[in-house]
Amino acid sequence: MPFLYYFGEMPIKFLILALLFPVLTASQENPALIRSSTAMETAWDFPKNPLNDSLPADSHLAAQIRTGFLLFTETPRKAARFTRNLLSCNNCHLNGGQREKAMPLVGISSAFPEYNKRSGRLISLEDRIVGCFLRSENATGTRPAPPDRELIPSPTSQEVLALSAYISWISRGFTVGSPLDWRGQNVIPAKNLVPLERLDRRKGKELFLEKCSTCHGEDGQGVEIGDKKAGPLWGPMSWNDGAGAARVYTLAGIIRFAMPYLDPGSLTDEEAQHLAAFINSKPRPKFPFKSSDYPREKVPVDAVYYKK
Ligand code: HEC
Ligand code: HEC
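Residues -17 to 290, numbered by my numbering, are exactly what the sequence shown covers, in order.
Right, dumping it as structure tokens:
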């Protein structure tokens, strides 16, 4: 009887599956992200490139998308008034935010607004971009003094809106709540996190000299390799101490899956953490509003530049 029962039901199950299949696969289809294993030969590839691809018919919007792309890849030059260091968005979000395991931003606009622990409230994509300027780009820094009067980016600054237009354009087709499997992948599994006091900066330094300094320089300031230049990992031209990358485990997650550039994924979880502990033991610009962060949450343990 059970056999007959299953047998009788099967065609209907198949029918349901066959009907559902396109829906299921459509909502989970991965975008054409650059594979992390391809390293340097794809350094300048952009699966979606607004300088070549067709853009929305609205010419104002199309212009903003193109501007946003240029801002993303040449941030210090194109967004000079809000960028007081030598990092482009592209330094951390490789290939225009379109490379797997390098904090890709494809589809991300569909995830906002979202609750943000550091702000203790719901934030928009534009708020998020402002945060990146303030912290990763050190907009609150003092040098070089820009001539413009608007020194602090806001969600309506033209640079922020253009970046938002670009990120929204690479997010087209993803509706609110779409599963974004490639999001949040630059994370070391909790069970493999080494307590901070057991991380060894000297080991981190040795690894740095062995595996990173050919491109990042022994002084961590970055050297030119062809037409690429690795960014400063510490010092006055790096991200400030309120940035996501100033957290040891966050930085370890970037390093673990995106670096070293020619062989990403080759480090162990532990090595990436020793490296991050070394890099984030170095001096960097101060973010002046750290005391307003985490108004409702505990300061995370790995936010080593915050007073606990
Ligand atoms: C120093 C490295 C670094 C730079 C430079 C940087 N970011 Fe980020 N970005 C991060 C990290 C790390 C995160 C992950 C969030 C966290 O833990 O704080 C992030 C997250 C984001 C997010 C949210 C992604 C998500 O999945 O929620 C957006 C959007 C973003 N960055 C845009 C930008 C833009 C635009 C710029 C340039 C103005 C930029 N970033 C520059 C490191 C960087
Ligand atoms: C073959 C050269 C190369 C090696 C080796 C290398 N990097 Fe990088 N790294 C780069 C380049 C180039 C970028 C910027 C990418 C871009 O702009 O597209 C970068 C970016 C980064 C970033 C993002 C912020 C910044 O300062 O640009 C971090 C963090 C980083 N590397 C850490 C490391 C660590 C740690 C190692 C050693 C395990 C390492 N890298 C090894 C070339 C390299």
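Even glycine gets a Cβ: it sits at the ideal position worked out from N, Cα and C.
Please read these numbers as outputs of a predicted model, since none were measured by experiment.
Supposed close pair residue i, residue j - CB separation, criterion 8 angstroms
i: asparagine 168; j: alanine 258; result: About 12 angstroms separates the two Cβ atoms, so there is no contact after all.
i: proline 291; j: alanine 121; result: An answer regarding residue 291 cannot be provided, because it is not within the stretch -17 to 290 covered by the chain.
i: leucine 178; j: arginine 63; result: Not confirmed; about 36 angstroms, so no contact.
Residue i: CB within 7 angstroms of a non-hydrogen atom of ligand 1
i: arginine 165; result: yes
i: tryptophan 221; result: yes
i: cysteine 114; result: yes
i: glutamate 23; result: no
i: glutamate 108; result: no
i: threonine 232; result: yes
i: threonine 57; result: yes
i: isoleucine 152; result: no
i: phenylalanine 271; result: no
i: proline 54; result: For the record, residue 54 in the displayed sequence is phenylalanine; it is not proline. Indeed, a heavy atom of ligand 1 lies less than 7 angstroms from the Cβ.
Top-ranked residue by Cα proximity to residue i, from the options
i: valine 286; options: Phe64, Gly247, Val230, Pro242; result: Val230
i: serine 150; options: Gly235, Ala62, Ser195, Ala93; result: Ala93
i: serine 263; options: Pro270, Leu233, Phe271; result: Leu233
i: lysine 30; options: Ile47, Leu104, Leu43; result: Ile47
i: asparagine 73; options: Leu104, His198, Gly159; result: His198
i: valine 158; options: Pro86, Phe54, Glu141, Leu107; result: Leu107
i: leucine 68; options: Gly213, Leu249, Leu15; result: Gly213
i: tryptophan 221; options: Cys114, Pro13, Pro86; result: Cys114
i: tryptophan 216; options: Arg183, Lys210, Gln203; result: Gln203
i: lysine 272; options: Asp209, Arg66, Thr24, Arg100; result: Arg100
i: proline 13; options: Ser36, Met85, Leu52, Gly89; result: Gly89
i: lysine 280; options: Met219, Asn98, Arg165; result: Asn98
i: glutamate 252; options: Asn174, Gly123, Ser36, Arg117; result: Asn174
Beta-carbon proximity list for residue i, same chain, < 6 angstroms, skipping 5 on both sides
i: glycine 102; result: Pro277, Arg278
i: aspartate 284; result: Arg229, Val230, Tyr231
i: isoleucine 207; result: Cys197
i: serine 275; result: For the record, residue 275 in the displayed sequence is aspartate; it is not serine. So the qualifying residues of the chain are Arg100.
i: threonine 24; result: Ile16
Residue i Cβ short of 7 angstroms to ligand 2 heavy atom set
i: asparagine 67; result: no
i: cysteine 71; result: no
i: methionine 85; result: no
i: isoleucine 237; result: yes
i: isoleucine 16; result: no
i: histidine 42; result: no
i: tyrosine 287; result: no
i: isoleucine 207; result: yes
i: leucine 76; result: yes
i: proline 214; result: yes
i: proline 218; result: no
i: threonine 196; result: yes
i: tyrosine 243; result: yes
i: leucine 37; result: no
Neighbour-count burial assignment, residue i, 16 or more Cβ in a 10 Å radius
i: aspartate 223; result: buried
i: arginine 180; result: exposed
i: asparagine 34; result: exposed
i: methionine 22; result: exposed
i: valine 153; result: The sequence shown places serine at residue 153, not valine. So serine 153 counts as buried.
i: leucine 76; result: buried
i: leucine 244; result: exposed
i: alanine 144; result: buried
i: glutamate 96; result: exposed
i: proline 267; result: buried
i: alanine 227; result: buried
i: arginine 238; result: buried
i: histidine 42; result: exposed
i: alanine 172; result: exposed
i: alanine 147; result: buried
i: lysine 289; result: exposed
i: proline 119; result: According to the sequence as given, residue 119 is glutamate; it is not proline. Label assigned to glutamate 119: buried.
i: glutamate 200; result: exposed
i: lysine 83; result: buried
i: proline 265; result: exposed
Sequence-distant residues of the same chain with beta carbon closer than 7 angstroms to residue i, five excluded per side
i: valine 112; result: Pro135, Ser136, Pro137, Val142
i: proline 38; result: Ala44
i: lysine 193; result: Pro242
Same chain, Cβ closer than 8 angstroms to residue i, five either side skipped, listed in chain order
i: glycine 235; result: Asn168, Val169, Ile170, Ala254
i: serine 248; result: Pro242
i: threonine 55; result: Ser70, Cys71, Asn72, Gly78
i: arginine 183; result: His256, Ala259, Phe260, Ser263
Residue-chain proximity (residue i, chain D), Cβ-Cβ < 8 angstroms
i: arginine 238; result: No chain D is part of this structure, which consists of one protein chain only.
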